[in-house]
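Residue numbers (my numbering): 8 to 801.
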């Protein structure tokens, strides 16, 4: 009896997994088909949509590429995960384009868009190395629904796939893909977004062209950008949108011409160069504005990634918010990323903050993280209050461009949206953000020079008219005009915030009065009465939120001043540590000398006290350096999870030993956090462990456990014995000033009830969560921190 034969089989369900689920959005699926036309050496691809609103309709993608023979259709198109594009140098046969696809599943994205795919292809005889007898074209139909509903494995496709070889000798080379039975039911809004996303898959020609205003020749402008791998004879690639997908006239050139500054970046293995140039309009309003050419070393010169970037920034509004240019800017603003000429979504989209610009615009951080060589630092010195020039994503428009070779260390995620959030992507993000921060500093410098110039002009005008220029009271060190202007600017901001609060309060009072009048007039109509009560509740909630925000703002200002003093305190701690170590050295010099009766014990007690003081100061200095040192928020990086609590445990070591607490660590050493600021992770661990030490009590136990979560995230849990926390009341401990601590401890503090709120705020910056959870057996309380991977933070 022959042994039974076993072999792998693949269910037809795979088509849905690889096609519909492997592609993140409908626009990405269509762009995958456009990329196939590019890889087939097409110079033009027409994308036509008909009757798409409301469901149904047809999408047609027609190119003039090299087409397919039956043999190529069988081995390349129909073979899942085909190696067809991995042959040779992975470049196209005619124009030597670097293939944009490699996994052999992009064509299956048609499954996400429609139930049926019709294919007609005519081969280019001069580009395909097959005998003349085999140079036939292909006509095929793929019915995805029939494949999945009527057949169980892909070896048995039946009527779900129909293919015929046809004579195409009298046809022009190329391929037409017609998708019917569209799965999406588009509305005008969703179709508009779909069209906008696919029309932006290539960078606009105006962005690749030299800037529309002159820049100094000696500042090495990038000139015409060619962000792809192509042969010298490549005539280019154009997408034409028709019918429902017609995007109309673009306004790119107008948008660039309305910009105020230009930033260009060239990152190579030798160095990273930043070119910053003011537009003519900026030079008119700020005569002191100037161009800069700045340099720094690449953080990973042996690996990359390497790239070029051209980014325009606007200052102020575009005018009429309902105008065509304003709407165009709203749809197309942001710093996007392109690989081999095709856009990598979602970078640069309206709600994607991959550079942290919106976050910093909202917070208006006071210091910019800028790394340059000494010469560049001297060329662009720091300006006071420059953070007020930080702009959000909407003010920027531009792109970061890479070839496949330059982007080799970057790894795309499986759904074709973005790159894995590893160290290579961190370098890309940090370098681009470095350039944006330099641009912000240059804008701040121009603003300062503009104010000084205006102050001088005002003084001259007053002098020529015979009026006396206003003078400040006599001081030992008179403040220069620019600092006075800064103070005036801050007063403007404070006045603006005060007026906004007063306007909101007035508006809410007016609405409440109108609701009171309306309540008296609704009579017995229960529906209207219910709506009035709902509106009244909404006003109550708005007033409460406004009051809470005002209180929170006041508390943040207090905490900010405390934080500044805390940052300065590190110098005092280090000074005390040096003095204590000097006293310990002097005490050690007395060893071996004859001492009077009782002095030996005094000396021994003195040395023990000094040792204890040195250890305490060392712990505090280490913690302060970790939290407020120069590298605390220089750059986010992935931190080994088992190293996360080390600084916190060192700080709390004395309290832990004094209370006889046993600490157990169950942290996966192979897991790293998503990119985070080390200072924030230290503060998170310290807040949780401080609470655990307080709660565990004498001879208690603490367990620190953690490991990997889905999509590159982490989970960190801190548990302790002692008094438990009722989970149904746990949320109260995340409110400021809610605390059960009454005793004072020199290390742990008395407790202001701010540790958990601060921890939640920090974790929420990474779209994570902090919550009390059910503790493990023999433990009383457990707090779990979840930080998602970068995919989950979008």
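Note that CB positions come from ideal geometry on N, CA and C, so glycine has one too.
Per DSSP, residue 781 is not a residue of any alpha helix (DSSP H), being assigned neither H nor E.
Each residue's CA atom was taken as its position, placing residue 717 and residue 791 some 15 angstroms apart. The residue among 406, 286 and 546 with its C-alpha nearest the C-alpha of residue 295 is 286.
In the three-state DSSP reduction, residue 440 falls in the helix class (H, G or I).
Looking at the DSSP output, residue 683 bridges to 644. If you look at residue 417, you'll find it isn't in any alpha helix (DSSP H); DSSP assigns it neither H nor E.
Annotation: residue 655 to residue 705 spans about 19 angstroms, alpha carbon to alpha carbon. Secondary structure note for residue 261: its alpha helix (DSSP H) is the uninterrupted segment 259–264. With contacts defined as CB atoms closer than 7 angstroms, residue 406 and residue 210 qualify as a contacting pair. In this structure, the straight-line span from the alpha carbon of residue 691 to that of residue 715 is close to 18 angstroms.
With fewer than 16 other beta carbons inside 10 angstroms of its own, residue 730 counts as exposed.
Pairwise C-beta distances place the segment 239–258 out of contact with the segment 425–436, as fewer than three of them are shorter than 8 angstroms. With fewer than three CB-CB distances shorter than 8 angstroms, the segment 180–189 does not count as touching the segment 235–248. Rounded to whole angstroms, the separation of the alpha carbons of residue 414 and residue 321 is 29 angstroms. DSSP, reduced to helix, strand and coil, places residue 39 within a helical segment of the structure shown.
As a beta-bridge residue in DSSP terms, residue 67 pairs with 55 and 185. The residues 126 and 170, in chain order, have a CB closer than 6 angstroms to that of residue 147 in the same chain once the five nearest residues on each side in sequence are set aside. Rounded to whole angstroms, the gap between the alpha carbons of residue 697 and residue 772 is 22 angstroms. The segment 435–451 makes contact with the segment 302–321, as at least three CB pairs between them are under 8 angstroms. Residue range 331–339 is occupied by the alpha helix (DSSP H) that includes residue 335. Beta bridge pairing from DSSP links residue 406 with 317 and 343.
CA-CA distance, residue 76 to residue 46, rounds to 16 angstroms. Counting only residues of its own chain and dropping the five nearest sequence neighbours on each side, residue 218 has a CB closer than 6 angstroms to the CB of 269. DSSP places residue 356 outside any alpha helix (DSSP H), giving it a letter other than H or E. In this structure, the alpha-carbon of residue 670 lies about 8 angstroms from that of residue 711. For residue 694, DSSP assigns no beta-bridge partner whatsoever. A Cβ-Cβ separation of about 6 angstroms places residue 180 in contact with residue 73 under the 8 angstroms criterion. The beta carbons of residue 793 and residue 720 sit about 7 angstroms from each other, so the pair counts as a contact at 8 angstroms.
Residue 438 holds the alpha-carbon nearest to the alpha-carbon of residue 312 among 545, 438 and 120.
When the five nearest sequence neighbours on each side are left out, the beta carbons in the same chain lying within less than 7 angstroms of the beta carbon of residue 436 are those of 361 and 362, in order along the chain.
For residue 121, the pairing in a beta bridge is given by DSSP as 189. Relative to the Cα of residue 689, the nearest Cα in the group 668, 765 and 243 belongs to 765. Listed as beta-bridge partners of residue 727 by DSSP are 709 and 788.
Residue 149 has its alpha-carbon roughly 21 angstroms from the corresponding atom of residue 192. Taking a C-beta distance under 7 angstroms as the contact criterion, residue 207 and residue 350 qualify as a contact pair. When DSSP states are grouped into helix, strand and coil, residue 533 belongs to the helix group.
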